[in-house]
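Please read the structure below before turning to the comments.
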Amino acid sequence: MDTTQRTDQQRSADRRRRELLEAADRVVLRDGPGASMNAIAAEAGITKPILYRHFGDKGGLYAALAKRHTDALLGALRAALDAPAGRRERVESTLDTYLAAIEARPQVYRFLMHPAEGAQAPGDVGFDVGKHSAPLLRRMGEELAEVIEERVDLGPGSQQLARVWGHGIVGMMHAAGDWWLGERPCSRAELVRSLADLLWGRLAAVGDRAGGPGF
3 MDTTQRTDQQ RSADRRRREL LEAADRVVLR DGPGASMNAI AAEAGITKPI
53 LYRHFGDKGG LYAALAKRHT DALLGALRAA LDAPAGRRER VESTLDTYLA
103 AIEARPQVYR FLMHPAEGAQ APGDVGFDVG KHSAPLLRRM GEELAEVIEE
153 RVDLGPGSQQ LARVWGHGIV GMMHAAGDWW LGERPCSRAE LVRSLADLLW
203 GRLAAVGDRA GGPGF
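So for the sequence shown, this note's numbering puts the first residue at 3; every next one is plus one.
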């Protein structure tokens, strides 16, 4: 098989995978954590064995959807951090971007973070929520740590402190957002202001890293 043929086959496989993930997204938007492999296969117009061939099992499909949505969310968070505004405004914008994302697609959020809530369809194999959702949060924490380290002068031990901050902020956003999405005790704007107040003390005091993009 020549290189051109292999490249064409890979492009076709990638396109098919995207189409299947889009079908899965539509089912997740409708069914949330209850989305089943049977329903996703039906939405895509294929049999379940073909879906297994592409993703292995529900855990494999979950991982692919998690990467798809995490990539998009991280892109939006970076855009908020890069916006031409003061530091406090960018902190609030970043928090609001995360909360707006989970508010806009709560069924997707519940599928990613609370998949065990869904009733298993006959023949569907469940999976450990912690095994799959924890890496998603860790990835977000590491990405935010990189942003903090490249932008803020934290002094000695900056790399370790940036990771503490990155994972701490993600944990705060996740826990507060999860509670807020379930109970809606206040407006999104009120929650954003309260979380920004909590973060603001040390963030207001530190300077930008010399030669960095600024924060």
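All C-beta atoms, glycine included, are put in the ideal place defined by N, C-alpha and C. Note that the structure is predicted; figures quoted are calculated from it, not measured.
1. Please classify G209 as buried or exposed, where buried requires at least 16 other C-beta atoms within 10 Å of its C-beta.
2. Give me the residue from S160, T6, A177 with the minimum Cα distance to Y111.
3. Are A103 and L75 closer than 8 Å when you measure CB to CB?
4. Exposed or buried, what is E151 when buried is set at 16 or more other beta-carbons lying within 10 Å of its beta-carbon?
5. Give me the Cα-Cα distance between S160 and V30, rounded to the nearest whole angstrom.
6. Just curious, the alpha helix (DSSP H) that D199 is in, first and last residue?
7. Tell me, which residues are paired with V154 by DSSP?
8. Threshold first: 4 residues or longer. Then list the alpha helix (DSSP H) segments lying entirely within the stretch 87–119, N to C.
9. Taking all protein chains shown into account, decide if L193 is buried (16 or more other Cβ within 10 angstroms of its Cβ) or exposed.
10. Which residues bound the alpha helix (DSSP H) around A82?
11. To the nearest angstrom, how far is it from the Cα of A78 to the Cα of T99?
12. If you drop the 5 nearest sequence neighbours on each side, which residues of the same chain put their C-beta closer than 6 Å to that of A46?
13. For A147, count neighbouring Cβ atoms within 10 angstroms of its own Cβ and tell me buried if that reaches 16, exposed if not.
14. So, helix, strand or coil for S135, using DSSP?
15. Identify whether T6 lies in helix, strand or coil by the three-state DSSP scheme.
16. In angstroms with no decimal places, state the Cα-to-Cα distance between D10 and R19.
17. Does DSSP put P215 in a helix, a strand or coil?
18. Assuming L197 contacts L83 (C-beta within less than 8 Å), just tell me the rounded distance between them.
The answer reads as follows:
1. In the sequence shown, the residue the question calls residue 209 occupies position 207. Its Cβ having fewer than 16 others within 10 Å, G209 is exposed.
2. As a first step, residue 111 is located in the sequence shown; it is residue number 109 there, counting from the start. Its Cα nearest to that of Y111, the residue A177 stands out among S160, T6, A177.
3. Taking the first residue of the sequence shown as 1, we reach residue 103 at position 101. Taking the first residue of the sequence shown as 1, we reach residue 75 at position 73. It is a contact, given that the beta carbons lie within the stated cut-off.
4. For the purposes of this step, residue 151 is identified with residue 149 of the sequence shown, where counting begins at 1. E151 counts as buried, since no fewer than 16 other beta carbons sit within 10 angstroms of its beta carbon.
5. Residue numbering aside, residue 160 sits at position 158 when the sequence shown is read from its first letter. Residue numbering aside, residue 30 sits at position 28 when the sequence shown is read from its first letter. Rounded to the nearest angstrom, the two C-alpha atoms are 40 Å apart.
6. Walking along the sequence shown from the start, residue 199 turns up at place 197. Counting along the chain, the alpha helix (DSSP H) containing D199 begins and ends at 190–207.
7. Translated into the one-based positions of the sequence shown, residue 154 becomes position 152. DSSP lists D210 as partners of V154.
8. Runs of the alpha helix (DSSP H) inside the stretch 87–119: 89–106, 108–115.
9. For this step, residue 193 is matched to residue 191 along the sequence shown. By the neighbour-count criterion, in which a residue is buried when 16 or more other Cβ atoms sit within 10 angstroms of its Cβ, L193 is buried.
10. In the sequence shown, the residue the question calls residue 82 occupies position 80. That run of the alpha helix (DSSP H) goes 60–83.
11. Taking the sequence shown and counting its residues from 1, the one referred to as residue 78 is at position 76. Taking the sequence shown and counting its residues from 1, the one referred to as residue 99 is at position 97. Cα-Cα distance, rounded: 7 Å.
12. In the sequence shown, the residue the question calls residue 46 occupies position 44. Leaving aside the five residues that flank A46 on each side, the residues in its chain whose CB is nearer than 6 Å to its CB run, in chain order, L22, A25.
13. Position 145 of the sequence shown, counted from the first residue, corresponds to residue 147. Buried, since its Cβ has 16 or more Cβ neighbours within 10 Å.
14. Position 133 of the sequence shown, counting from 1, holds the residue named residue 135. It is helical.
15. Your numbering for residue 6 matches position 4 in the sequence shown. Correct three-state label for T6: helix.
16. Position 8 of the sequence shown, counted from the first residue, corresponds to residue 10. Position 17 of the sequence shown, counted from the first residue, corresponds to residue 19. Using only the alpha carbons, I get a separation of about 14 Å.
17. As a first step, residue 215 must be located in the sequence shown, where it is residue number 213. DSSP places P215 in coil when its eight states are reduced to three.
18. Position 195 of the sequence shown, counting from 1, holds the residue named residue 197. Position 81 of the sequence shown, counting from 1, holds the residue named residue 83. Contact flag wrong, Cβ pair sits at about 15 Å.
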